[in-house]
Amino acid sequence: TIKFSSWEWIYGRRLAFSDCYERRFPWGNIEIQFYVSAGIIKACTAYSDSLYTDFIEQIPTYLEGCRFTADAMVHALQKIPVEEETSRLQKDIIILLQEEN
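Residues in the sequence shown are numbered consecutively from 5, following the working numbering.
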């Protein structure tokens, strides 16, 4: 039906984002959208075709509410608990944030 083909059903809520970072890595593609107001991340979404969905789904929780600076975002992402297999994702996403911001 139409409901199951909608953007919201397939990808989740859609942001009127102010910034978007995207990159392809060996483990998959990542796209992080930010809605930033007064230098603070008010909303964030992360999309990926990675098999490590649990890690990807945590990214917005850790980034929302922090300052939109590379240092603040890196500090926030370093708080996400990682397993051996997700440590590479965390490092790659941190590099992406540092290079884009």
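Don't be surprised by glycine CBs; every beta carbon is placed ideally from N, CA and C.
Item                                                                                                  : Value
Collapsed DSSP secondary structure at valine 40 in the structure displayed                            : strand
Buried versus exposed, by CB contacts within 10 Å (16 or more), threonine 49                          : buried
The segment 27 to 35 touching the segment 66 to 83, judged by at least three CB pairs closer than 8 Å : no
N- and C-terminal bounds of the alpha helix (DSSP H) containing glutamate 88                          : No alpha helix (DSSP H) holds glutamate 88; DSSP gives it neither H nor E.
Residue-level contact to chain B via CB, cysteine 24, 8 Å cutoff                                      : Within the model displayed, chain B is absent; a lone protein chain is all it includes.
Inter-residue spacing [alpha-carbon to alpha-carbon] between phenylalanine 72 and glutamate 103       : 13 Å
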